[in-house]
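**Q** Mind looking over this structure? Questions follow.
Number of protein chains: 2
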Amino acid sequence: MKDEHAGTTINRIVIIGAGFGGLRAAKTLRNTGLDVLLIDRQNYHLFQPLLYQVATASIEQEAIAYPIRAIIRSWDGVRFRMAEVTDLDLDRRRVITEDGAVDYDMLIVAAGAATNFFGIPSIEQHAHELKSLQDAVDLRNRVLSLFEQATLVMTDAERRALLTFVVVGGGPTGVEFAGALAELVRNVLGKDHTEEIVGAARIVLVEMLDTVLTPYERDLREYAVERLEHLGVEVRLGAAVEAMDGTRVYLSDGNVIPSHTLLWMAGVQAASITRAIPVDKERGGRVPVDEYLRLVDYPDVYIVGDMAYVEDEADNPLPQMAPIAIQQGEYAAKNILAHQTGEIAAAFAYNDKGKMAVIGRGHAVAHALGLKLRGVIAWLAWLALHLMMLIDFRNRLVVLVNWAYDYLLFERKVRLITGHNVGSLPGTTVEAAPSDERLPAVDVMDIST
Amino acid sequence: MKDEHAGTTINRIVIIGAGFGGLRAAKTLRNTGLDVLLIDRQNYHLFQPLLYQVATASIEQEAIAYPIRAIIRSWDGVRFRMAEVTDLDLDRRRVITEDGAVDYDMLIVAAGAATNFFGIPSIEQHAHELKSLQDAVDLRNRVLSLFEQATLVMTDAERRALLTFVVVGGGPTGVEFAGALAELVRNVLGKDHTEEIVGAARIVLVEMLDTVLTPYERDLREYAVERLEHLGVEVRLGAAVEAMDGTRVYLSDGNVIPSHTLLWMAGVQAASITRAIPVDKERGGRVPVDEYLRLVDYPDVYIVGDMAYVEDEADNPLPQMAPIAIQQGEYAAKNILAHQTGEIAAAFAYNDKGKMAVIGRGHAVAHALGLKLRGVIAWLAWLALHLMMLIDFRNRLVVLVNWAYDYLLFERKVRLITGHNVGSLPGTTVEAAPSDERLPAVDVMDIST
Numbered sequence: 001m002k003d004e005h006a007g008t009t010i011n012r013i014v015i016i017g018a019g020f021g022g023l024r025a026a027k028t029l030r031n032t033g034l035d036v037l038l039i040d041r042q043n044y045h046l047f048q049p050l051l052y053q054v055a056t057a058s059i060e061q062e063a064i065a066y067p068i069r070a071i072i073r074s075w076d077g078v079r080f081r082m083a084e085v086t087d088l089d090l091d092r093r094r095v096i097t098e099d100g101a102v103d104y105d106m107l108i109v110a111a112g113a114a115t116n117f118f119g120i121p122s123i124e125q126h127a128h129e130l131k132s133l134q135d136a137v138d139l140r141n142r143v144l145s146l147f148e149q150a151t152l153v154m155t156d157a158e159r160r161a162l163l164t165f166v167v168v169g170g171g172p173t174g175v176e177f178a179g180a181l182a183e184l185v186r187n188v189l190g191k192d193h194t195e196e197i198v199g200a201a202r203i204v205l206v207e208m209l210d211t212v213l214t215p216y217e218r219d220l221r222e223y224a225v226e227r228l229e230h231l232g233v234e235v236r237l238g239a240a241v242e243a244m245d246g247t248r249v250y251l252s253d254g255n256v257i258p259s260h261t262l263l264w265m266a267g268v269q270a271a272s273i274t275r276a277i278p279v280d281k282e283r284g285g286r287v288p289v290d291e292y293l294r295l296v297d298y299p300d301v302y303i304v305g306d307m308a309y310v311e312d313e314a315d316n317p318l319p320q321m322a323p324i325a326i327q328q329g330e331y332a333a334k335n336i337l338a339h340q341t342g343e344i345a346a347a348f349a350y351n352d353k354g355k356m357a358v359i360g361r362g363h364a365v366a367h368a369l370g371l372k373l374r375g376v377i378a379w380l381a382w383l384a385l386h387l388m389m390l391i392d393f394r395n396r397l398v399v400l401v402n403w404a405y406d407y408l409l410f411e412r413k414v415r416l417i418t419g420h421n422v423g424s425l426p427g428t429t430v431e432a433a434p435s436d437e438r439l440p441a442v443d444v445m446d447i448s449t
Numbered sequence: 001m002k003d004e005h006a007g008t009t010i011n012r013i014v015i016i017g018a019g020f021g022g023l024r025a026a027k028t029l030r031n032t033g034l035d036v037l038l039i040d041r042q043n044y045h046l047f048q049p050l051l052y053q054v055a056t057a058s059i060e061q062e063a064i065a066y067p068i069r070a071i072i073r074s075w076d077g078v079r080f081r082m083a084e085v086t087d088l089d090l091d092r093r094r095v096i097t098e099d100g101a102v103d104y105d106m107l108i109v110a111a112g113a114a115t116n117f118f119g120i121p122s123i124e125q126h127a128h129e130l131k132s133l134q135d136a137v138d139l140r141n142r143v144l145s146l147f148e149q150a151t152l153v154m155t156d157a158e159r160r161a162l163l164t165f166v167v168v169g170g171g172p173t174g175v176e177f178a179g180a181l182a183e184l185v186r187n188v189l190g191k192d193h194t195e196e197i198v199g200a201a202r203i204v205l206v207e208m209l210d211t212v213l214t215p216y217e218r219d220l221r222e223y224a225v226e227r228l229e230h231l232g233v234e235v236r237l238g239a240a241v242e243a244m245d246g247t248r249v250y251l252s253d254g255n256v257i258p259s260h261t262l263l264w265m266a267g268v269q270a271a272s273i274t275r276a277i278p279v280d281k282e283r284g285g286r287v288p289v290d291e292y293l294r295l296v297d298y299p300d301v302y303i304v305g306d307m308a309y310v311e312d313e314a315d316n317p318l319p320q321m322a323p324i325a326i327q328q329g330e331y332a333a334k335n336i337l338a339h340q341t342g343e344i345a346a347a348f349a350y351n352d353k354g355k356m357a358v359i360g361r362g363h364a365v366a367h368a369l370g371l372k373l374r375g376v377i378a379w380l381a382w383l384a385l386h387l388m389m390l391i392d393f394r395n396r397l398v399v400l401v402n403w404a405y406d407y408l409l410f411e412r413k414v415r416l417i418t419g420h421n422v423g424s425l426p427g428t429t430v431e432a433a434p435s436d437e438r439l440p441a442v443d444v445m446d447i448s449t
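Residue numbers (our numbering), protein chains in the order written: chain A, 1 to 449; chain B, 1 to 449.
Structure representation (structure tokens):
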């Protein structure tokens, strides 16, 4: 590899982002005598794969977030700074944060991805996303609040619109979220509310392509659709969402779905900091890199994880998922260490250990170690893997308690409407008309649960 | 007792508030054939006694909040409505909520209490309170954010002011919070931050009277002060906080404490809905009631818990605490049932089972069953009692996991800065000048952890 840095002394490594990629890079660089500064705007590492479970009241937000300072405490040479990175000065080798600038000798940018609304204003305005911990909590609050609101007097049509959730995107996130939401409604809220209310609930999964979980093989994809429909999810394939006006969702096939809640899980784009990187971006704003994950014109800058545009042997871009970010973070760190001794590293190659997606209690699909799994076995594998991946003992235990509660007792205790604007149905859009239509008190009560 | 209602048929009982009092009243009225409507602006019951532990990152908010619908599900005849009560029409026997009116035959008002700033504007503007779940989470976020901000370049005086927490009120809440905060700083944040930063932290407990925990006997009160000081808390007795300008706290003894954070735990007042009750209020806005906890002019309205003004044998007002609210809620419900049969109930009398307050790991004071306890035994009793009181199995287990983690490993995993304005140090006041003073990047980093 080009080794401008071979032999040259590298003192400070700056890593932007404490997600899967950045954290692994920092871990790989610990105890090496290097001065590593990890920067993140959050003070915690977020275990994104389980965000959808927070959004569906299965686990508490604290169970999938872990204080970064607690993680790196025992990592010699690694320091943390909680700050928002506002700009990059690659020529002067500086990272600009809201709290001042930081100089680096080598930089690893692992800022991850944000939701991609594909520039559709009405969707950007009305859709809900699921990228941050707060997104998940807001979503949970909203779903629960809408069910409370649905106990008020309104027409059946109004109630149905109020409780119709349109999930966009047939990828793992959309599929797992739709399945978990369906179970929340059926198994849990079904106990809290009348048949009239729960019966009005509707979950629609809209996917532009003619299948969900594209990367999986046909039979697993069909199995997934079958499971979703079994859970009561309406699967709409070959249709795209074109607009949302707050109370109606407009599909490309001409259909209009009366709904107050559009959940956008249809795509991501590289974090906005990429605008500070002077290269032509690939699809989704991802940054093209050389075979060593470095910027072509700045070999002292590595791009890893969701932000990096890397193609596999078949020239397809690598998907944006945790295992890839982790491998890239480790690879970048090892290359930096190799520089010290002037070693030549091999080009990055993703070692695909497989993929899995869960579709409600006891069902999942998996491609792993050359095996195709589905059903309970795949689900148990999913459970085990994610529990192991959860970063520390306590979180594992807390999540296990929640899951046991959920799966054994069909109960979810975390269905709390939290936040500042309590009582005022947080998150419900102004368009949510029903609460404005009121009949005399006695009638109001007659239908309430 | 006066029994205007003896024999008369009572159909609907409305209970305002799902706190300790209201929830117990509803439980007592379940399965009695009566139509009971429980109204709360939250969808969960909050276990207030442990709020301070959420504020000090010991346990997650979900561990002390429990969905009301899950609690009442098995209670025949009890329904729930999530709504804000905006007014009362006692003459027409109606409760007015933001979502319409509700008629009642008998009403139990158990709306609890809110923080009492004693009408000091500067304190109302700058002080932080600890009454709601969100208050606790905001407080946690603020404390953790201030420690992150303290890693920036600033003078020692600035850092000291930034990390000085003035806790006002030597009652159980103030004492327990101050102790838990001191342990958070020393045992947990001490591992995350440099000695320079942790050493700058300062916790001052200000109490107007010449002692903390007034209702306890002298030796226990002295023990409490001794413990607090052992934990590094500065205890300032005989001084009141008179004003706060965002960066300085002004005491009645002329002292001025440079601090960005004033924690107001000095008093509560009856919930604002009492303004809809046409009687002269007692101290703290509490509502005077007859010996049966009813409004004198409206015997069909019961006031229970923190809102009710009731005197003990010694003509002292009963304190505002959970056990009293629970007993009053049960008493009111039983009286209502007695009406059905025209029975005569006895006047309300509080059965004092004792009180306890914890002061950091392994130390507590307790007056129970005529016994005076302190130290580890009192602390273990406190642990056991609160675990038993926590409303359901799962929460008990989750709390236990957290406590074990905290007490055995001196670790608190919940120290997360959550919320919308991440990165921007949520909750820090604009006056928090230090972050605005910046030196060149390298220097910035030199002192950071």
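Quick reminder that beta carbons are idealized off the backbone N, C-alpha and C, glycines included.
1. Taking 8 Å as the CB-CB limit, is N43(B) close to chain A?
2. Among residues of its own chain, excluding the 5 on either side of G238(B), which ones have a beta-carbon nearer than 8 Å to its beta-carbon?
3. Against chain A, does T274(B) count as a neighbour if the rule is that its beta carbon must be under 8 Å from one of theirs?
4. Would you verify that the beta carbon of K191(B) is, or is not, closer than 8 Å to some beta carbon of chain A?
5. Looking at V365(B) and A224(B), is the spacing between their C-beta atoms short of 8 Å?
6. Please check the pair M307(B) and G171(B), which I expect to be a contact at CB under 8 Å, by giving their CB distance rounded to whole angstroms.
7. Would you call the stretch 288-295 of chain B and the stretch 189-201 of chain B touching, i.e. three or more CB-CB distances under 8 Å?
8. Between the alpha carbons of G232(B) and F177(B), how many angstroms are there, rounded?
9. With distances taken Cα to Cα, identify the nearest neighbour of L146(A) among A101(A), V358(A), V198(A) and E330(A).
10. Can you list the alpha helix (DSSP H) stretches of 4 or more residues lying completely in the stretch 363-400 of chain A, in chain order?
11. Among the candidates T115(A), A57(A) and I359(A), whose CA atom is the shortest distance from the CA of V399(A)?
12. Could you tell me the boundaries of the beta strand (DSSP E) in which A243(A) lies?
13. Just tell me which of A346(B), A182(B) and G246(B) has its CA closest to the CA of R227(B).
14. Quick one: which residues of the stretch 97-112 of chain A get their C-beta closer than 8 Å to a C-beta of chain B? List them in chain order.
15. Measuring CB atoms only, is the stretch 151-168 of chain B touching the stretch 250-270 of chain B, in the sense that at least three cross pairs come out at less than 8 Å?
16. My guess is that N31(A) and W75(A) are in contact by the Cβ rule of under 8 Å, so how many angstroms apart are they, rounded?
17. Out of curiosity, what's the CA-to-CA distance linking A55(A) and Y216(A)?
18. Are the C-beta atoms of V414(A) and some chain B residue less than 8 Å apart?
19. Please identify the residue among R24(A), V185(A) and R41(A) whose C-alpha is closest to the C-alpha of L416(B).
20. Return the bridge partner residues of G190(A) from the DSSP annotation.
21. At what residues does the alpha helix (DSSP H) containing Y24(A) begin and finish?
22. So with Cβ pairs under 8 Å, would you call L23(B) a contact of chain C?
23. Taking the runs of the beta strand (DSSP E) that are 3 residues or longer, which of them lie wholly in the stretch 251-337 of chain A?
24. So, helix, strand or coil for D40(B), using DSSP?
25. In chain order, what residues of the same chain lie with their CB nearer than 7 Å to the CB of A136(B), ignoring the 5 residues before and after it?
26. Here's the rule I'm using: 16 or more other beta-carbon atoms within 10 Å means buried, otherwise exposed. How should I344(A) be labelled?
27. Cβ atoms of A333(A) and G354(A): under 8 Å apart, would you say?
28. Please list the partners that G419(A) has in chain B, where partner means a Cβ-to-Cβ separation under 8 Å.
29. Give me the DSSP bridge partner(s) of T89(B).
30. Using the C-alpha atoms, what's the distance from G22(B) back to L46(B)?
31. Under 7 Å Cβ-Cβ, which residues of chain A neighbour E148(B)?
32. Closest to T97(B) by C-alpha separation, out of L90(B), M82(B), I108(B) and A110(B), would be which residue?
33. Below 8 Å on the Cβ atoms is my guess for L133(A) versus A65(A); work out the distance and round it to an integer in Å.
34. Following the continuous alpha helix (DSSP H) through A136(A), name the residue where it begins and the one where it ends.
35. Have a look at A249(B) and R202(B) and give me their C-alpha separation to the nearest angstrom.
36. Indicate whether at least one CB of chain B lies closer than 8 Å to the CB of V54(A).
**A** Quick answer:
1. For the purposes of this step, residue 43(B) is identified with residue 43 of the second sequence, where counting begins at 1. Yes, its Cβ sits closer than 8 Å to a Cβ of chain A.
2. Reading the second sequence from its first residue, position 238 is the one you call residue 238(B). Excluding positions up to five away in sequence, the list reads E207, M208, L209, D210 and D253.
3. By 1-based counting over the second sequence, the position of residue 274(B) is 274. Chain A, which has no Cβ nearer than 8 Å to the Cβ of T274(B), makes this no.
4. Counted from its first residue, the second sequence places residue 191(B) at position 191. By the rule that beta-carbons nearer than 8 Å mark a contact, K191(B) touches chain A.
5. Within the second sequence, numbered from 1, the residue matching residue 224(B) stands at position 224. Within the second sequence, numbered from 1, the residue matching residue 365(B) stands at position 365. Yes; because the gap between Cβ atoms is below 8 Å, this pair is in contact.
6. Residue numbering aside, residue 307(B) sits at position 307 when the second sequence is read from its first letter. Residue numbering aside, residue 171(B) sits at position 171 when the second sequence is read from its first letter. Approximately 18 Å separates the beta-carbon atoms of M307(B) and G171(B); this is outside 8 Å, ruling out the contact.
7. Put simply, the stretch 288-295 of chain B does not touch the stretch 189-201 of chain B. Fewer than three CB pairs are less than 8 Å apart.
8. As a position in the second sequence, residue 232(B) is number 232, starting the count at 1. As a position in the second sequence, residue 177(B) is number 177, starting the count at 1. The alpha-carbon of G232(B) is positioned some 13 Å away from that of F177(B).
9. One-based indexing of the first sequence puts residue 146(A) at position 146. When only C-alpha atoms are compared, the closest one is V198(A).
10. Those alpha helix (DSSP H) runs which fall completely within the stretch 363-400 of chain A and span 4+ residues are 376-389.
11. Against the first sequence, residue 399(A) aligns to sequence position 399. Nearest option by C-alpha distance: A57(A).
12. Taking the first residue of the first sequence as position 1, residue 243(A) is located at position 243. A243(A): member of the beta strand (DSSP E) spanning V241 to M244, first to last residue.
13. Taking the second sequence and counting its residues from 1, the one referred to as residue 227(B) is at position 227. Minimum Cα distance to R227(B) is reached at A182(B).
14. Residues of the stretch 97-112 of chain A that bring their beta carbon within less than 8 Å of a beta carbon in chain B comprise E98, D99, G100, A101, V102 and D103, in sequence order.
15. Short answer: they touch.
16. Residue numbering aside, residue 31(A) sits at position 31 when the first sequence is read from its first letter. Residue numbering aside, residue 75(A) sits at position 75 when the first sequence is read from its first letter. By a beta-carbon distance limit of 8 Å, N31(A) contacts W75(A). Their separation comes to about 7 Å.
17. Residue numbering aside, residue 55(A) sits at position 55 when the first sequence is read from its first letter. Residue numbering aside, residue 216(A) sits at position 216 when the first sequence is read from its first letter. Note on geometry: alpha-carbon atoms of A55(A) and Y216(A) lie some 25 Å from one another.
18. In the first sequence, counting from the first residue as 1, residue 414(A) sits at position 414. Answer yes: the Cβ-Cβ gap between V414(A) and chain B drops below 8 Å somewhere.
19. Residue mapping note: residue 416(B) aligns to position 416 of the second sequence, counting from 1. Selected option, being the one with the closest Cα: R41(A).
20. Translated into positions along the first sequence, residue 190(A) becomes position 190. Looking at the DSSP assignment, G190(A) forms no beta bridge with any residue, so it has no partner.
21. As a position in the first sequence, residue 24(A) is number 24, starting the count at 1. The amino acid occupying residue 24(A) in the given sequence is Arg; Tyr does not appear at that position. Residues F20 to L29.
22. Here the protein chains are A and B, and chain C is not one of them.
23. Complete beta strand (DSSP E) runs here, min 3: 256-258, 261-264, 268-270 and 301-303.
24. For the purposes of this step, residue 40(B) is taken as residue 40 along the second sequence, with counting starting at 1. Strand at D40(B).
25. As a position in the second sequence, residue 136(B) is number 136, starting the count at 1. Excluding positions up to five away in sequence, the list reads L51, V54, A55, Q61 and L130.
26. Mapped onto the first sequence, residue 344(A) falls at position 344. I344(A) should be labelled exposed.
27. Here the question's residue 354(A) lines up with position 354 in the first sequence. Here the question's residue 333(A) lines up with position 333 in the first sequence. If you check the CB distance, G354(A) and A333(A) do not come in under 8 Å.
28. Here residue 419(A) corresponds to residue number 419 of the first sequence, with the count starting at 1. Within chain B, Q134 have C-beta atoms less than 8 Å from the C-beta of G419(A), given in sequence order.
29. As a first step, residue 89(B) must be located in the second sequence, where it is residue number 89. Contrary to the premise, residue 89(B) reads as Asp rather than Thr in this sequence. According to DSSP, which records beta bridges pairwise, D89(B) is partnered with R94(B).
30. One-based indexing of the second sequence puts residue 46(B) at position 46. One-based indexing of the second sequence puts residue 22(B) at position 22. Going from the Cα of L46(B) to the Cα of G22(B) covers about 12 Å.
31. Taking the second sequence and counting its residues from 1, the one referred to as residue 148(B) is at position 148. One finds N43 and M82 in chain A with Cβ atoms closer than 7 Å to the Cβ of E148(B), taken in chain order.
32. Looking up residue 97(B) in the second sequence gives position 97. Among L90(B), M82(B), I108(B) and A110(B), the Cα nearest to that of T97(B) is on M82(B).
33. For this step, residue 133(A) is matched to residue 133 along the first sequence. For this step, residue 65(A) is matched to residue 65 along the first sequence. With 8 Å as the limit, L133(A) and A65(A) qualify as a contact, their Cβ atoms being about 6 Å apart.
34. Locating residue 136(A) in the first sequence gives position 136, counting from the first residue. A136(A) -> alpha helix (DSSP H) spans L133 to Q149.
35. Numbered from its first residue, the second sequence carries residue 249(B) at position 249. Numbered from its first residue, the second sequence carries residue 202(B) at position 202. The sequence given here has Val at residue 249(B), not Ala. Cα to Cα, V249(B) sits roughly 13 Å from R202(B).
36. Translated into positions along the first sequence, residue 54(A) becomes position 54. It does not: the Cβ of V54(A) has no partner Cβ on chain B nearer than 8 Å.
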